[in-house]
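In this note's numbering, the protein residues as written are 65 to 468.
Please read the structure below before turning to the comments.
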């Protein structure tokens with residue numbers, strides 16, 4: 065059994081392009097954070113898109129030098145299954161070399177089964193809520209709005225994906241949940257709290273930092289930023305409706321940075337055309353936009369964490385988020401929280417922040433005080449502690465079973 069003083073030896077399996085965008089960026093930062101915290105990490109990415117810390121051992125599964133297996137040509141699900149098969153095969157020869165196996169969704173079944181046979185504890189990353197909840201919640205809101213998701217959309221119902229993921233949930237020893245909301249969606253589906261381990265994600269303090277100065281508050285209107293994929297799941301329509309109900313829109317500016325689902329853009333076209341709204345499209349300068357904004361709004365219907373929340377906090381931009389997002393900011397501490405779909409509450413919050421600039425300033429200052437505890441380095445140290453807890457629980461359970 066690994067002692068508290070020994071470095072944790074991690075097999076980290078990630079089936080996508082490690083270091084690319086979205087979850088690929090999250091996983092890349094997570095691996096670097098673990099290495100910084102002192103873990104001995106062997107990572108099996110599908111493809112390595114961006115270099116990692118020198119201490120990390122990297123063994124890609126779907127790339128050999130410059131030669132890569134194209135995900136689209138093979139089919140994404142087949143590519144993920146191939147990754148899983150390769151990792152499981154390699155794992156068989158690693159007895160005594162690792163302490164824990166960290167997997168990601170849709171590419172974990174074989175790996176989890178082999179790890180169980182070898183006596184390695186497994187943790188499965190949950191970057192989002194329980195998939196059944198996510199499908200149901202997004203589909204219900206799409207029906208309410210009269211929007212049909214494309215068949216290939218990530219939140220269009222796919223029974224084969226759901227069945228595979230639910231089997232992974234059952235077989236893994238622990239599920240890594242980055243928010244209390246994620247935990248709740250699993251408990252609501254009948255999962256034991258003992259199986260659900262809380263951790264978190266972080267932000268890069270080299271890119272997310274406050275502006276040198278902020279313009280005076282006396283004359284200017286409120287500047288609000290929405291940053292993310294502009295789809296039903298993110299709840300942008302709730303924020304826009306609240307914006308126009310509040311007096312904030314009279315002098316303020318609502319920035320939207322992200323690509324739109326076509327039907328969703330059409331549904332919101334009248335609001336998007338208003339002079340107070342600026343549709344910016346996909347942007348690579350989100351931290352710069354956060355530095356010129358007072359508020360980040362994220363009224364998601366479903367979320368695992370919401371990286372933009374902690375990134376905004378690092379910039380001193382106050383998060384105004386739904387209960388589906390991370391609760392790190394805390395209501396009326398470093399941000400504002402509302403129930404999912406509560407347009408009335410969103411309206412009140414826009415109105416309050418628009419009129420009470422002293423409150424806005426206090427919330428922003430609290431964001432910056434908390435920011436050093438929310439970096440990727442801090443998240444890596446936290447995850448390492450979660451690994452130790454998982455290993456301890458697994459060993460205790462194994463010991464009980466052996467003595468039965």
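For every residue, glycine included, the Cβ atom is placed at its ideal position computed from N, Cα and C.
Who are the near neighbours of residue 174 in its chain, counting only those whose CB is closer than 7 Å to its CB and skipping five residues on each side? For the purposes of this step, residue 174 is taken as residue 110 along the chain shown, with counting starting at 1. Excluding residues within five positions, the ones whose Cβ falls inside 7 Å are 148, 149 and 152.
Would you call the stretch 430-447 in contact with the stretch 264-278, where contact means no fewer than 3 C-beta pairs closer than 8 Å? With a cut-off of 8 Å on Cβ pairs, the stretch 430-447 is in contact with the stretch 264-278, counting three or more such pairs.
Best match in 444, 461, 420 and 295 for proximity to residue 90 [C-alpha to C-alpha]: As a working mapping, residue 90 is identified with position 26 in the chain shown. Its Cα nearest to that of residue 90, the residue 444 stands out among 444, 461, 420 and 295.
Residue 288 (DSSP reduced to helix, strand or coil): Reading the chain shown from its first residue, position 224 is the one you call residue 288. In this structure, residue 288 counts as strand in the three-state DSSP scheme.
Alpha-carbon to alpha-carbon, residue 460 and residue 222: Start at 1 with the first residue of the chain shown, and residue 222 comes out as number 158. Start at 1 with the first residue of the chain shown, and residue 460 comes out as number 396. Taking the straight line joining both Cα atoms gives about 37 Å.
First and last residue of the uninterrupted alpha helix (DSSP H) at residue 97: In the chain shown, residue 97 corresponds to position 33, counting from 1. Segment 87-101, the alpha helix (DSSP H) holding residue 97.
Where residue 81 falls: helix, strand or coil (DSSP): Taking the first residue of the chain shown as 1, we reach residue 81 at position 17. Three-state DSSP puts residue 81 in a strand.
Expected contact under 8 Å - CB spacing of residue 245 and residue 388 to nearest Å: Against the chain shown, residue 245 aligns to sequence position 181. Against the chain shown, residue 388 aligns to sequence position 324. Their Cβ separation, rounded to whole angstroms, is 5 Å, which keeps residue 245 and residue 388 in contact under 8 Å.
Could you tell me the boundaries of the alpha helix (DSSP H) in which residue 214 lies? Position 150 of the chain shown, counted from the start, is the residue given in the question as residue 214. Following the DSSP letters along the chain, one finds residue 214 in no alpha helix (DSSP H), marked with neither H nor E.
With DSSP run on the structure shown, which of helix, strand or coil describes residue 143? Here residue 143 is taken as the residue at index 79 of the chain shown, counted from 1. Residue 143: helix per DSSP, three-state reduction.
Drop a sphere of 10 angstroms on the beta-carbon of residue 474, count the other beta-carbons inside from all chains shown, and report buried for 16 or more, exposed for fewer. Residue 474 lies beyond the range of the chain shown here (65 to 468); nothing can be said about it.
Would you identify the three-state DSSP class for residue 104, choosing helix, strand or coil? As a position in the chain shown, residue 104 is number 40, starting the count at 1. In the structure shown, residue 104 adopts extended strand secondary structure according to DSSP, grouped into three states.
CB contact flag (residue 74, residue 164, <8 Å): Reading the chain shown from its first residue, position 10 is the one you call residue 74. Reading the chain shown from its first residue, position 100 is the one you call residue 164. The answer is yes: Cβ separation under 8 Å.
Look at residue 290 and residue 407 and say whether their C-beta atoms are less than 8 Å apart. On the chain shown, residue 290 is found 226 positions in, with the first residue counted as 1. On the chain shown, residue 407 is found 343 positions in, with the first residue counted as 1. In this structure, residue 407 does not lie closer than 8 Å to residue 290 by Cβ.
Comparing C-alpha positions only, which one of 441, 395, 361 and 368 sits nearest to residue 381? Sequence index remark: in the chain shown, residue 381 carries index 317 (1-based). Distance from the Cα of residue 381 is smallest, within the candidate group 441, 395, 361 and 368, for 361.
Would you call the CB atoms of residue 110 and residue 80 closer than 8 Å? In the chain shown, counting from the first residue as 1, residue 110 sits at position 46. In the chain shown, counting from the first residue as 1, residue 80 sits at position 16. Yes, the pair counts as a contact, with Cβ atoms nearer than the cut-off.
Let me know the secondary structure DSSP gives residue 448 once reduced to three states. For the purposes of this step, residue 448 is identified with residue 384 of the chain shown, where counting begins at 1. Here residue 448 sits in helix by DSSP.
Quick one: what does DSSP say residue 377 is sitting in, helix, strand or coil? The sequence position of residue 377 within the chain shown is 313, counting from 1. If DSSP states are grouped into helix, strand and coil, residue 377 belongs with the helices.
Using three-state DSSP, classify residue 385 as helix, strand or coil. Mapped onto the chain shown, residue 385 falls at position 321. It is a strand residue.
Do residue 76 and residue 237 have their beta-carbon atoms positioned less than 8 Å apart in this structure? For this step, residue 237 is matched to residue 173 along the chain shown. For this step, residue 76 is matched to residue 12 along the chain shown. Not a contact, by the Cβ cut-off of 8 Å.
Please state whether DSSP places residue 166 in a helix, a strand or coil. Stepping through the chain shown from its first residue, residue 166 is reached at position 102. Strand, per DSSP.
Test item: CB-CB of residue 202 and residue 219 under 8 Å: Here residue 202 refers to the residue found at position 138 when the chain shown is read from its first residue. Here residue 219 refers to the residue found at position 155 when the chain shown is read from its first residue. Yes, the pair counts as a contact, with Cβ atoms nearer than the cut-off.
Under three-state DSSP, which class holds residue 313? As a first step, residue 313 is located in the chain shown; it is residue number 249 there, counting from the start. Correct three-state label for residue 313: helix.
Can you grab the Cα-Cα spacing for the pair residue 69 / residue 420, in whole Å? Walking along the chain shown from the start, residue 69 turns up at place 5. Walking along the chain shown from the start, residue 420 turns up at place 356. Separation of residue 69 and residue 420 (C-alpha to C-alpha, rounded to the nearest whole angstrom) is 50 Å.
Quick one: Cα of residue 167 to Cα of residue 186, how far? Sequence index remark: in the chain shown, residue 167 carries index 103 (1-based). Sequence index remark: in the chain shown, residue 186 carries index 122 (1-based). A straight-line Cα-Cα distance of about 7 Å links residue 167 and residue 186.
Count the other C-beta atoms from every protein chain shown that fall within 10 angstroms of the C-beta of residue 8, then say buried if there are 16 or more, exposed otherwise. Outside the shown range of the chain, which is 65 to 468, sits residue 8, and nothing can be said about it.
Put residue 187 into one of helix, strand or coil per three-state DSSP. Here residue 187 is taken as the residue at index 123 of the chain shown, counted from 1. Judged by DSSP in its simplified three-state form, residue 187 adopts strand.
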